[in-house]
Every structure is written in C-alpha cells, then in structure tokens.
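Colleague:
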Amino acid sequence: MLIRDAVPEDWPRIWPFWHRIVAAAETYAWDPGTDEPAARALWMSPAKRVYVAEDPTGTVTGSAYLTANYGGPAARVANAGFMVDPARTGEGIGRALADHVLTEAARHGYRAMVFNAVVETNPAVRLWTSLGFTILATIPDAFEHPHHGLVGLHIMHKSLV
Ligand SMILES: CC(C)(COP(=O)(O)OP(=O)(O)OC[C@H]1O[C@@H](n2cnc3c(N)ncnc32)[C@H](O)[C@@H]1OP(=O)(O)O)[C@@H](O)C(=O)NCCC(=O)NCCS
Numbered sequence: 146m147l148i149r150d151a152v153p154e155d156w157p158r159i160w161p162f163w164h165r166i167v168a169a170a171e172t173y174a175w176d177p178g179t180d181e182p183a184a185r186a187l188w189m190s191p192a193k194r195v196y197v198a199e200d201p202t203g204t205v206t207g208s209a210y211l212t213a214n215y216g217g218p219a220a221r222v223a224n225a226g227f228m229v230d231p232a233r234t235g236e237g238i239g240r241a242l243a244d245h246v247l248t249e250a251a252r253h254g255y256r257a258m259v260f261n262a263v264v265e266t267n268p269a270v271r272l273w274t275s276l277g278f279t280i281l282a283t284i285p286d287a288f289e290h291p292h293h294g295l296v297g298l299h300i301m302h303k304s305l306v
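Each number in the numbering used here comes from the position in the sequence shown (counting from 1) with 145 added on.
#1: Look at the alpha carbon of T212 and the alpha carbon of S304, and state the distance between them as a whole number of angstroms.
#2: From this set, A241, A168, S190 and V296, which residue's C-alpha is nearest L272's C-alpha?
#3: Look at P231 and I159 and say whether their C-beta atoms are less than 9 Å apart.
#4: From which residue to which residue does the beta strand (DSSP E) around G254 run?
#5: Does the distance between the C-beta of S275 and the nearest non-hydrogen atom of ligand 1 fall short of 8 Å?
#6: What is the C-beta distance between M301 and V263, in whole angstroms, given that I count them as a contact (C-beta under 8 Å)?
#7: Please report the distance separating the alpha-carbon of L247 from that of M258.
#8: For T202, verify whether its CB is less than 8 Å away from any heavy atom of ligand 3.
#9: What is the DSSP secondary structure of R221, reduced to helix, strand or coil?
#10: Can you say whether G207 is buried or exposed, counting buried as having 16 or more other CB atoms within 10 angstroms of its CB?
#11: Does the beta-carbon distance from Y196 to H245 come in below 9 Å?
#12: For A184 and F162, what's the separation of their Cα atoms in angstroms?
#13: Quick one: does the C-beta of P177 sit closer than 8 Å to a heavy atom of ligand 1?
#14: Per DSSP, what kind of secondary structure is P285 in: helix, strand or coil?
#15: Could you pull the start and end residues of the beta strand (DSSP E) that V270 belongs to?
#16: Give the range of the alpha helix (DSSP H) segment to which L187 is assigned.
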C-alpha cells in the first residue's frame, strides 16, 4: 500500500466512497445529501493537507485530511478526517492512513490532535483508542443514527509531544 499526498486528479476516485459514507449518515456530522461540488470543496479544501492510500493496482482505497482544528494561538492543535472505501474496510488501510497522518501532524509542528465528533457507535473509536486517543467528553444524544437512534458524539484527543 502506498500513502501519498493527494492531487486534484484523485478527487473523482475519492468521491464514490466519500458519497457512500456520508450518504449512509452513520459516521459523519455532515449533510448526507452533500453534492459532489460541495464535497470536493469540503475535503479538497486548500486549507487542508489531503492524503490518499493506493493499492498496488493504483486503486485509491482511502483518503484522509489534516488541518488545524482552531485558529490563531490554538492553531497547533490539529484535526483530521478519514475515509476508507467501505468495500475495503478491515484491510488495515485506516490504521495505515492514521499512522501517516499522525506522523505528518507532528512533522508540521502540531502539538495535539482533536476529533470533534466521533459517533460513539463507530467501530473507529477502538482504532483511535488503540492509537492513544482518549475520550475527553461525550455530547449526549447529539447524533441521529439511522439504526441506533440518538447516540453520543465523542470529543477525542491525543498529545503529539
Ligand atoms: C474508520 C475507518 C477509517 C477505518 O478504516 P479501515 O481500513 O476499515 O480500518 P483498519 O482495517 O485499519 O482497522 C483498524 C482497526 O479498527 C477496527 N475497525 C475499524 N473499522 C471497523 C469496522 N467498520 N468494523 C469493525 N472493526 C473496525 C479493526 O478491528 C482494526 O483493529 P486492528 O488494527 O487491531 O485489527 C473506515 O472504516 C471508514 O472509513 N469508516 C467510515 C468513515 C469513518 O467512520 N471515519 C472515521 C470518522 S471518526
């Protein structure tokens, strides 16, 4: 597996799984009806560093972004987002992307990483915990999950220093 910086030409290969994940409305607090131009503006924003995972056949299997979570004097706290093609879940792509993004975050001078809204039913919580993130707080009943009803959103944090 190769993890590299994304280029604009990667977007058409990210969009199909991006759309599938956001439309499912199980993991991201984004409008499930987000259309392609809005999704592109959100994910491929110039304010973000964007990465893709590519398998040996050149297929883009996942993507992640890294950005500042706050501004000004708090701009050294990072935020990141991760999406792996649901057809490729469980192959270690998400963990590899996360390792890469954490290394990149430290390299770019971030002192910590925060996830603002991790759906408490998301199996990803276990992945983030295994990487050293802790749950700082949970916003109760914040997310209307299509199968689980109202569930909490975790704010998760990891120090990078
Ligand atoms: C979360 C996500 C990025 C994980 O990527 P992945 O490639 O499936 O994860 P990996 O194969 O690297 O697995 C990482 C670990 O998490 C666990 N895990 C991750 N997603 C899981 C899932 N959907 N079901 C069960 N276990 C899961 C695995 O058990 C694995 O543990 P291990 O490394 O000790 O074996 C991916 O499932 C995804 O894009 N989900 C939808 C979007 C999302 O939830 N993004 C994160 C928002 S906080």
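The beta carbon of each residue, even a glycine, is placed where N, CA and C say it ideally should be.
Modeller: For this structure:
#1: By one-based count along the sequence shown, residue 212 stands at place 67. By one-based count along the sequence shown, residue 304 stands at place 159. Approximately 15 Å between the Cα atoms of the pair.
#2: In the sequence shown, the residue the question calls residue 272 occupies position 127. The shortest C-alpha separation from L272 is found at A241.
#3: Here residue 231 refers to the residue found at position 86 of the sequence shown. Here residue 159 refers to the residue found at position 14 of the sequence shown. Not closer than 9 Å, so no.
#4: Position 109 of the sequence shown, counting from 1, holds the residue named residue 254. No beta strand (DSSP E) contains G254, which DSSP labels as neither H nor E.
#5: Here residue 275 corresponds to residue number 130 of the sequence shown, with the count starting at 1. S275 has its CB nearer than 8 Å to a heavy atom of ligand 1.
#6: By one-based count along the sequence shown, residue 301 stands at place 156. By one-based count along the sequence shown, residue 263 stands at place 118. The beta carbons of M301 and V263 sit about 5 Å from each other, so the pair counts as a contact at 8 Å.
#7: Position 102 of the sequence shown, counting from 1, holds the residue named residue 247. Position 113 of the sequence shown, counting from 1, holds the residue named residue 258. Each residue's Cα considered, the two are about 8 Å apart.
#8: Looking for ligand 3 in the displayed structure turns up nothing; the ligands present are ligand 1.
#9: On the sequence shown, residue 221 is found 76 positions in, with the first residue counted as 1. Coil.
#10: Walking along the sequence shown from the start, residue 207 turns up at place 62. Buried: at least 16 other Cβ atoms inside 10 Å.
#11: Start at 1 with the first residue of the sequence shown, and residue 196 comes out as number 51. Start at 1 with the first residue of the sequence shown, and residue 245 comes out as number 100. Against a cut-off of 9 Å, the Cβ pair of H245 and Y196 comes out as a contact.
#12: Start at 1 with the first residue of the sequence shown, and residue 184 comes out as number 39. Start at 1 with the first residue of the sequence shown, and residue 162 comes out as number 17. Pairing A184 with F162, the inter-Cα distance amounts to about 11 Å.
#13: What you label residue 177 is simply residue 32 of the sequence shown in a count that begins at 1. With a cutoff of 8 Å, P177 does not count as near ligand 1, since its C-beta is closer than that to no heavy atom of the ligand.
#14: Position 140 of the sequence shown, counted from the first residue, corresponds to residue 285. Collapsing the DSSP output to three states places P285 in a strand.
#15: On the sequence shown, residue 270 is found 125 positions in, with the first residue counted as 1. Looking at the DSSP string, V270 is not in any beta strand (DSSP E); the run it does join, the alpha helix (DSSP H), is A269 to S275.
#16: Counting from 1 along the sequence shown, the entry for residue 187 is found at position 42. Element bounds for L187: E181 to W188.
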